[in-house]
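First up is the structure itself, then whatever we jot down about it.
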DNA sequence: CATGAATGAGGTTTCATTCAT
DNA sequence: TATGAATGAAACCTCATTCAT
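Protein chains in written order, with our numbering: chain A, 1 to 223; chain B, 224 to 446; chain C, 447 to 669; chain D, 670 to 892.
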């Protein structure tokens, strides 16, 4: 997937209800609540009764909007595996700043967004392996899209003479995993993980910018 | 936890058998097979029958060696969440080389070990949240131990004048997550993840060493 | 039950509506549609939603005309388990013909009617066992009435010296089951049941008339 | 299917158990008990708990021997839809008697067998429509086999100069439906169906033999 | 009167665990 | 010790019925 284009919409799930508007809203709501409940108990241990309770509905009522428990996985993928569109929009608001500044700001923004969607990150990390082939492809495509967003900034920085990067894909990958593992390790290590988001963002950004910065060192040393 | 000391042994599981030796072997074997089977279907979807089949035993026979299905999680933690002892032994074989070389070698070794225990990495990533408090603490301690192993090298490098690191914990953390995400993303992204282990190791090591290298740049520039 | 009298009307079902005329029409309509839908999926597997769809109504609307799903069984019995009145009317139109001709014509007419109400025959065959005692009695009475209709013709034929029948009940019974099994086996055997209705009617009528015909054989032989 | 050859065995159902011997016995037993329970409540209304109770087993235990509730239908077909082999064996024990006597005896035997398997007859009549295509084919084949058994006797009777039959298939069909409807109407009409099996057999046999008997009547009349 | 969203009882099925052999 | 048949609790899911709109 090349950056910027909209991700294909996934297939619809079977429902009993006919009111498209209502069904759409409820599906979104169910996916939203379910992904939170999955956080605590995982997909298998979470019962439809649990999900119903989280949604304020009787278990049977869920089936007006979804076809099966498995379909909830699908809904979550469609709703919560966004590509890089939001980041591209954010980038366009930054105005006329250096590529270094663009990268710094986008990283910070990305870290904040990921941090605020802990449930989703945990969910995909844990349950990703049980997704249907099609849903997995969708999620992978959304990740690849976000990765390519950061690569694009890196390449533009190289062209602008600001960056020096031997492997843009790997650096973009590192940005992604810094964000992802922030969530995962915060969840897993709990109080043994002592960074605040701001500290973590600042330190990792410093390391990243070091990595991509032009080095005059050797030239200087010669002098 | 400070590096070097042995991790506390976890509590024993209840068994029917009296032959301690045999029971110990079988437990290890069951944990070993189970963690492989969990890879495909996850903990919940894996039945005791599945595990029995993987072990060449009848499902009832498993209960001579384990107390419950949940106990298998415990066994896996005890068996497969090693601290840094193996790495310390490896380090001691390297002889008289620079700290930079030590770090480079230990990273490569660490990446190889992690790569060869994909099942275990996937398992802890996916099922970690369902561990008993005690087991989770054990696993966390083993990770902290390994992290402190790398921190130790970094600190020694700083003392030796080879490294310049503002946040040793974070750099050690990065080494750990580079290794961990190598496995996770290889599993999740499949053929869209195109690095070989050697390429990945080399590139990430270069970035890491850049990060910790002494910079004369700024000083020189001032001149 | 002796032939000719009207079958007792079954008890009314509870409804919400007050417009007796409309309610009566709708009830008939619902029974008519339902019996068709039951053909495919049987009573239990047919949902109120299915029946509603077949009637062009929302499932909730059905309950303005019926009291429960079970009531539909009752309605079908009342509407579609007719006695022999229609056959008596038909018989009265035949004019002045021999009893043999009356029997032949009535059998053909009966077979045609039964053939055109396959759904109903299949329904009673399959679901008869689950009818309420009262409804079952009603259906049985309607069958007995039809059987007695044919018996009446046979007895008249005997009195007229045209027939010689040792067991009128059994011959009448055979006429009934020839018609009924025509439908049932056509449905069950499908393309392995190769008779057309006309062939089947002709052949079975021949056998029946053989059975009831006066035999002069022995007398002739004496000559 | 031509007479005499063994009906193909239907596909096996999935089971948890490995003991072929035990599984075979239990399957037979379950089918046998289930078909009785279906008699009262029909397939859909019969719960697995009901079937388990009838078998003296817990509901879960049934699934060691069957794959699903639907599979019970399959088992019943395989176990209780016999071809004509038993009748052919019976015929071979009759010794040297006329074809008329053979037919009479076989009809009586057939009626007795059918009468003693009421449950099965009712079952196939009621639930036949929901059988899998393959199972339905199997049952139909068994019926066709039995029909062809009677046709064979009729044809041999014609060759022997004992019978005169215009449509052997239809006469054989009538024998079958006389037997089948004996059960069905006894169940449905209950106390309004007043024949005993012996009366019913005798009367229907008389009618059948009349139908197939050589008629000298017309020849005599010509004289 | 008509609708269809909501309910929740009850069905089939799975599977960890036990225990007689 | 090893087995695997048996258990029964609990899961997902369906659908007759109700009732606010």
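Glycine included, every Cβ here is placed at the ideal spot set by N, Cα and C.
Residue i burial status per 10 Å Cβ neighbour count (16 or more: buried)
i	result
residue 624 of chain D	No information on residue 624 of chain D is available, as it lies outside the stretch 670 to 892 that chain D covers here.
residue 517 of chain C	buried
residue 820 of chain D	buried
residue 699 of chain D	buried
residue 689 of chain D	exposed
residue 849 of chain D	buried
residue 319 of chain B	exposed
residue 45 of chain A	exposed
residue 391 of chain B	buried
residue 727 of chain D	exposed
residue 265 of chain B	buried
residue 434 of chain B	buried
residue 196 of chain A	exposed
Distance, residue j Cα to residue i Cα
i	j	result
residue 839 of chain D	residue 649 of chain C	8 Å
residue 207 of chain A	residue 142 of chain A	26 Å
residue 40 of chain A	residue 61 of chain A	23 Å
residue 187 of chain A	residue 120 of chain A	12 Å
residue 702 of chain D	residue 719 of chain D	10 Å
residue 421 of chain B	residue 271 of chain B	38 Å
residue 370 of chain B	residue 310 of chain B	11 Å
residue 260 of chain B	residue 792 of chain D	44 Å
residue 289 of chain B	residue 306 of chain B	24 Å
residue 432 of chain B	residue 323 of chain B	8 Å
residue 754 of chain D	residue 636 of chain C	24 Å
residue 149 of chain A	residue 74 of chain A	25 Å
residue 882 of chain D	residue 833 of chain D	6 Å
residue 749 of chain D	residue 776 of chain D	19 Å
residue 26 of chain A	residue 63 of chain A	11 Å
is_contact[residue i, chain D] using C-beta, thresh 8 Å
i	result
residue 634 of chain C	yes
residue 616 of chain C	yes
residue 637 of chain C	no
residue 584 of chain C	no
residue 649 of chain C	yes
residue 623 of chain C	yes
Interface flag, residue i vs chain C, CB-CB below 8 Å
i	result
residue 699 of chain D	no
residue 879 of chain D	yes
residue 852 of chain D	no
residue 714 of chain D	yes
Under the three-state DSSP convention, the category residue i falls into
i	result
residue 641 of chain C	coil
residue 292 of chain B	helix
residue 84 of chain A	coil
residue 431 of chain B	helix
residue 578 of chain C	coil
residue 160 of chain A	coil
residue 447 of chain B	What is shown of chain B runs 224 to 446, which leaves residue 447 of chain B out entirely.
residue 168 of chain A	helix
residue 318 of chain B	coil
residue 554 of chain C	helix
residue 565 of chain C	helix
residue 57 of chain A	coil
residue 647 of chain C	helix
residue 716 of chain D	coil
8 Å Cβ cutoff, residue i in contact with chain A
i	result
residue 367 of chain B	yes
residue 244 of chain B	no
residue 265 of chain B	yes
residue 351 of chain B	yes
residue 231 of chain B	Summary for residue 231 of chain B: the model assigns pLDDT 36, below 50, so the residue's position carries little reliability; its value from the coordinates is reported in the next sentence. Residue 231 of chain B does not count as touching chain A.
Min CB distance residue i to chain B below 8 Å
i	result
residue 154 of chain A	no
residue 51 of chain A	no
residue 207 of chain A	yes
Do the stretch 789 to 805 of chain D and the stretch 616 to 627 of chain C meet, that is, are 3 or more Cβ pairs less than 8 Å apart? no
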